[in-house]
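So the mapping is simple: the working numbering equals the position in the sequence shown, first residue as 1, plus 763. Ideal Cβ positions, reconstructed from N, Cα and C, are used throughout, including at glycine. In this text, all values refer to a predicted model and were calculated from it rather than measured experimentally. Working notes for the structure below.
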Amino acid sequence: MRVATGRRPLVVRLARSRQEGARSPQGRRRCGKGQTNVERKEGNAPVKRIVLDFDNTMGVPGCDVDDALALIYLLGNPQACTVEAVCTSYGNSDLATVDANTRRLFAEWGLDLPIHRGAEGPGQAESDAARFLAEACAAEPGCLSILVTGSTTNLLGAVAHDPRFFENVAEIVFMGGVTRSLVINGRIMNELNLSCDPAATLAALASSAPKTIATSQNCLAAHVTREAFETAFAPDSWLARAIDYWFDDMGRRYAWDGFAVWDQVAAAALIKPDLFDPETYPVVLDERFLSVGLLERAWDGAPQANVQAPRIKDAALYLQDALAGWKRGCERLGLA
């Protein structure tokens, strides 16, 4: 079974926008005031248009499952969003592993979404993902949300292709960063997203794009145990089998009963802000802090940028919504 997203592939629409020419003074379609980053469906409800830039390693031994869970959640909320394409990035593992794993998983799911291969390491400007991000956002300024749940290198690569990239995005939502040492049962957990390419992260945080960050500390409430998961999924279901190894892994490495579904928080913050309490967080713009993923709260006179750092309002309601979204996503993909 092939699962379509309900929209023409973005690459086709990009080609048409080039052929059709001016819909704005610069020959580009603009979402327009009041329509930024949304389409309108029944009841005038906003629908986010998302490009997911992720380091998906669901199924890779020793690597996290949260990127794929975030995608399944988005697919399970078609009334709130459409996923236009994905870009692969390094972080949880090297790029070759992430990209191959994503293509394997999409083939298994029958998911018909464009996959754009990203940069292999920090400072690499040229990649299919960077070029795609630059062209897609230039073709429709203010229309696309970028959800970044891996390293940030593809963003700086997009700027190399189009210096106006950050002006053209509707918003960027990140998962990553720590506001202090992240300690799980006495064991330090390293930051693996914003720290991968601190120069790219700095450029993104310093940009004019609206920015939201699901920080590691704010994701701890998004914790799921095997017992809680099995209230919605049978032990022999596809998703239960796909993530079972990660429950075991977190138990061995951190003596943790369950795990935090980090990237899911960024996805939920993007499409369901009512689940969160908003907080504006002034971040120091300094590569030395960002090289370890530290989002240092800015002091007076420090170079800084304001980001939104939402906090989960009610952990029980949040988990209920996450489980329901995964359930709908799996049903949509035909995963029993």
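DSSP, read as helix, strand or coil, puts residue 847 in strand.
For residue 951, the closest alpha carbon among the candidates 979, 968, 975 and 856 is that of 979. Residue 864 places its beta carbon less than 8 Å from that of residue 820. In this structure, residue 1081 places its C-beta atom within 8 Å of the C-beta atom of residue 985. Between the alpha carbons of residue 834 and residue 1026 lies a distance of about 9 Å.
Within the model, the alpha-carbon separation for residue 902 versus residue 794 is close to 11 Å.
According to DSSP, residue pairing for residue 1069 in a beta bridge involves 1045.
According to the DSSP assignment, residue 961 belongs to no beta strand (DSSP E) but to the alpha helix (DSSP H) extending over 961-969.
Counting of Cβ neighbours within 10 angstroms places residue 859 among the exposed residues, the total staying below 16. The C-alpha of residue 1049 is placed about 34 Å away from the C-alpha of residue 845. Look at the beta carbons and you see the region 903-910 not touching the region 870-882: under three pairs across the two are nearer than 8 Å. Where residue 1060 is concerned, there is no enclosing alpha helix (DSSP H), because DSSP gives it neither an H nor an E.
With the rule of 3 Cβ pairs closer than 8 Å, the region 931-942 does not count as touching the region 885-895. Boundaries of the alpha helix (DSSP H) around residue 1013: 1001-1017.
Secondary structure note for residue 816: its beta strand (DSSP E) is the uninterrupted segment 809-817.
Taking residue 975 as the centre and dropping the five residues before and after it, the same chain places the C-beta of 934, 935, 936, 937, 1029, 1032, 1033, 1070, 1071, 1072 and 1073 closer than 8 Å to its C-beta, in chain order. By DSSP's assignment, residue 1091 forms no beta bridge with any residue. At a cut-off of 3 residues, the continuous stretches assigned as beta strand (DSSP E) that sit fully inside the region 834-887 are 844-851. Around the beta carbon of residue 963, a 10 Å sphere encloses 16 or more other beta carbons of the protein chains shown; the residue is thus reported as buried. Around the Cβ of residue 840, a 10 Å sphere holds 16 or more other Cβ atoms; the residue is buried. The region 1052-1072 makes contact with the region 953-970; the number of CB pairs closer than 8 Å reaches 3 or more. In this model, residue 1096 and residue 831 are separated by some 13 Å (Cα to Cα). Counted as a single uninterrupted DSSP element, the alpha helix (DSSP H) harbouring residue 979 occupies residues 979-982. Residue 991 and residue 1083 have their C-alpha atoms some 10 Å from each other.
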